[in-house]
Amino acid sequence: MDPLLGTALLGAGLLALAALLLRKPSTPTGVPTGAFGWPLVGETFQLLAQPRVFVDDRVSRYGAFFATHVFGSPTIYATTPDAAKYFLADAQRLMKPGYPPSVEAIQDPTRVMDGALHSRIRKTLQPSLGPDALHRPQFVAFTDSVARETLRSWEGRLVNTHDEMRKYTFSVILHILCSVEPGPESDEMRGHFYDVESGFVSMPIRLPFTNYSRGLQARDRIFEAMDKMMAQRRTNHNSRANDVLDALMESEVDGVRLTDAQIKGVLMFCLIAGHETSSSLLTWIVMHLANNPDLWTALQKEHDSIRQTKLSADEALTWSDMKQMQLTNRVIQEALRISSLVAYVPRIPLDDMSYKGVVLPKDWHVHVDLASIHLNPDIYPEPHKFDPSRFEATPKPNTFIPFGTGHRICPGNELAKVESLIFLHQLVSTYSWEIISGFKGIEHWPIPRPKGGLNISVKCRRGAYVN
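Under mature numbering (1 follows the signal peptide of the UniProt record, and there is no 0), read the sequence shown as residues -18 to -1, 1 to 449, first letter to last.
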C-alpha cells in the first residue's frame, strides 16, 4: 500500500473514531435536561467521588428528574416518592433491573434473578428468608450465639467495627443459605467474597491486575465451593440440611429444575443482599450511639430490662423479647434513613415509556434515588440529624423505602432487622465503647460506611456479665 494512502486512511480512521467518541448521546424529545459529561465515561467519576453532592447539585440545577451518563449508559435520575412508587411498584413489569455491567457479570452470569423465574425463586426463598423463618426459636438462638461469640473477642482491644460486623453478618447468611457453620470454611469464603465486592466498582476489563478480574476469580472460587456442596448432597442424602440450597436444588416448575449455574447465581445474589447492607447498618448505629449519649443511655435501659427477665446469662433471646425493643427498632429505622445504604435502585425500561410528561427511552437506565427521598428536608426536617423519634409516627407512604418497594424489594430486609436487633441487644447490654481517631468521612461504594471501618475501643460495662 502507498505509504501516503495508508497515512491518509489511518488519519481518516482516527477522525472517525474521535467523532464517534465525542458525539453526545441522542436525547429524544421529552427526556429531562442534564449533562452527559465526557465521551465513554460520562459523569461516572463525579458520581463515584461524591454521590450526594453529584445528585443534589443536579437536582438544584435541573429539577427532580435529570439526565446524565454514568456507568456506560445514558441515565435518568428520579428523586421523588411518587416516582419511586411508580417505577418500583406500579410499572415494575415494564422495567428490568439495570445494575452496572461489572456487577451483573460478577454477581450472576446467568442473570436468573432478572428473568421470568424471578417470582418462582422468591417463593422458594420465602420459607428461609421470610419473617416466619427468621422469628423461629432455632434461628434466633443461632444468631444470638454468633453475636455473643463475635463480641467475646472485642473486650479490651481496638476493634474495626465494620470488619467485625462483616464477620458476624456473613456467618449468619452463609448458615441460612448453605448451613456452613462459623469456622475455616466460612472464613475462606468470606475472604473471596470481599474480592468479589471490590470488583463491583470497577471497569469491566478482564486483565490480571484489575479488581474486576480478581472479582471474577474470587466468584469462581465461591462457585467451586458451592459445586462441592451440591455434589455432596446429591451423593449423600444425609447431608441435606433443609436450607436455601436444598430448596433451590429441589424446586421445579413443570418438571424443570434450576441448573447448577442458576442455583449458584441465586446464592451469590443472596450473599450480597444479606450481608453487606446489615454490616454497614450496624457500623453506623455504633457510631451514632457513641455520638448521642442520651439516646445510648435510653437504649441501655431498654435492653437491661429484657436482660432482667432471663433466668441465666446463657438464656437466648426470643422473638417475644425482640418485639419489646421499640426504641431499638426506631434506631434501626433512623440509621437506615440517614445512611441510605441502598442509595438508588436501577431500572431499565423494556420499551419507550413516560411518566408525568418525562420520556424514558427504551434501554436507557433509570436510577430511583432513595437517598434523595430519605434526606429531603421537606419530608424529614433537619435530615442530617440522627433522631429516631421521627419514627414514633408511621412515615407517609413511599417516604421510607430503605430496601426499595414492589415485588423486587430486597429479600434481605427482614434479616437485616432481626440480626441487628439481636446483635445490638448483646452489645448494648454488655459493653461500652468509644470511637478512636474520630470520624474520617464516608466510603460510598459499594455500600456507604464510615471510612476506615470505624475503630473503637471496647470494655465491659460495670455490673454487666459477659456470656
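All C-beta atoms in this analysis are idealised placements derived from N, C-alpha and C, irrespective of residue type, glycine included.
Quick caveat: nothing in here was measured; it's all calculated off a predicted structure.
Return helix, strand or coil for PHE27, following the three-state DSSP convention.
As a working note, residue 27 is residue 45 in the sequence shown. In this structure, PHE27 counts as helix in the three-state DSSP scheme.
Less than 8 Å between the beta carbons of MET50 and PHE18, yes or no?
Looking up residue 50 in the sequence shown gives position 68. Looking up residue 18 in the sequence shown gives position 36. As written in the sequence, residue 50 is Thr, which differs from the Met given in the question. Result yes, Cβ atoms of THR50 and PHE18 sit closer than 8 Å.
Okay, do the region 407 to 420 and the region 152 to 170 touch, 3+ Cβ pairs below 8 Å being the bar?
no
For HIS219, count the other beta carbons within 10 Å of its own beta carbon; 16 or more makes it buried, fewer makes it exposed. Which is it?
Taking the sequence shown and counting its residues from 1, the one referred to as residue 219 is at position 237. That one is exposed.
From ALA31, ASP351 and PHE368, pick the residue whose C-alpha is nearest to that of VAL41; which is it?
For the purposes of this step, residue 41 is identified with residue 59 of the sequence shown, where counting begins at 1. It is ASP351.
Under 8 Å, with one C-beta from each stretch per pair, do the region 77 to 84 and the region 176 to 184 reach the 3-pair mark?
yes
Expected contact under 8 Å - CB spacing of PHE405 and LEU264 to nearest Å:
The count along the sequence shown starts at 1 and reaches residue 405 at position 423. The count along the sequence shown starts at 1 and reaches residue 264 at position 282. Correct: roughly 6 Å between the Cβ atoms.
For residue 456, the first and last residue of its enclosing alpha helix (DSSP H):
Any answer about residue 456 is impossible in this case: the structure gives the chain only from -18 up to 449.
With burial defined as no fewer than 16 other Cβ atoms inside 10 Å of the residue's Cβ, what is the status of THR279: buried or exposed?
Counting from 1 along the sequence shown, the entry for residue 279 is found at position 297. Exposed.
Strictly by DSSP, which residues pair up with GLU416?
Within the sequence shown, numbered from 1, the residue matching residue 416 stands at position 434. In DSSP, GLU416 forms a bridge with SER439.
Cβ-based burial, VAL410 [other Cβ within 10 Å; buried from 16]
Taking the first residue of the sequence shown as position 1, residue 410 is located at position 428. Buried, by the Cβ-count rule.
Between GLU179, TYR150, HIS407 and LYS305, which has its C-alpha nearest GLY165's C-alpha?
In the sequence shown, residue 165 corresponds to position 183, counting from 1. That would be TYR150, whose Cα lies nearest to the Cα of GLY165.
Give a yes or no on contact between the region 106 to 119 and the region 203 to 223, applying the rule of three or more CB pairs nearer than 8 Å.
no
Secondary structure at THR11, three-state DSSP: helix, strand or coil?
On the sequence shown, residue 11 is found 29 positions in, with the first residue counted as 1. The answer is coil: DSSP assigns THR11 none of H, G, I, E or B.
Is ALA298 helix, strand or coil when you go by DSSP?
Here the question's residue 298 lines up with position 316 in the sequence shown. DSSP places ALA298 in coil when its eight states are reduced to three.
Please determine, among GLN306, GLU364 and ASP333, the residue with the shortest C-alpha to C-alpha distance to ILE320.
Within the sequence shown, the letter at position 338 stands for residue 320. It is GLU364 whose Cα lies nearest to the Cα of ILE320.
In angstroms with no decimal places, state the Cα-to-Cα distance between GLY247 and PHE205.
Counted from its first residue, the sequence shown places residue 247 at position 265. Counted from its first residue, the sequence shown places residue 205 at position 223. C-alpha separation (whole angstroms): 9 Å.
Are the region 277 to 294 and the region 335 to 342 touching, with three or more C-beta to C-beta distances below 8 Å?
no
Measuring alpha carbon to alpha carbon, tell me which residue in THR387, PHE421 and SER439 is nearest GLN74.
As a first step, residue 74 is located in the sequence shown; it is residue number 92 there, counting from the start. Of THR387, PHE421 and SER439, the residue nearest in Cα terms is THR387.
Mark GLY197 as exposed unless 16 or more other C-beta atoms lie within 10 angstroms of its C-beta, in which case mark it buried.
Numbered from its first residue, the sequence shown carries residue 197 at position 215. Classification for GLY197: buried.
Can you check the region 254 to 309 for any alpha helix (DSSP H) of at least 4 residues that lies completely inside it and give the ranges in chain order?
Runs of the alpha helix (DSSP H) inside the region 254 to 309: 258 to 273, 275 to 289 and 301 to 305.
Of the listed residues GLU316, TYR326 and TRP346, nearest to THR376 (C-alpha basis):
The count along the sequence shown starts at 1 and reaches residue 376 at position 394. Ranking GLU316, TYR326 and TRP346 by Cα distance to THR376 puts GLU316 first.
When the Cβ atoms of the region 62 to 73 are set against those of the region 27 to 35, are three or more pairs found closer than 8 Å?
no
CB-CB length for CYS442 against GLU146, believed under 8 Å
Position 460 of the sequence shown, counted from the start, is the residue given in the question as residue 442. Position 164 of the sequence shown, counted from the start, is the residue given in the question as residue 146. With a Cβ gap of about 16 Å, CYS442 and GLU146 do not count as contacting.
Let's see if you can read the secondary structure: which residues bound the alpha helix (DSSP H) around PHE36?
On the sequence shown, position 54 is the one that residue 36 refers to. Residues 33 to 44.
Under 6 Å Cβ to Cβ from GLU425, same chain only, skipping five residues before and after it: list those, please.
Position 443 of the sequence shown, counted from the first residue, corresponds to residue 425. Contacts found: ARG431 and LYS433.
Buried versus exposed, by CB contacts within 10 Å (16 or more), LYS338:
As a working mapping, residue 338 is identified with position 356 in the sequence shown. Using a 10 angstroms sphere on the CB of LYS338, the tally of other CB atoms stays under 16, which defines it as exposed.
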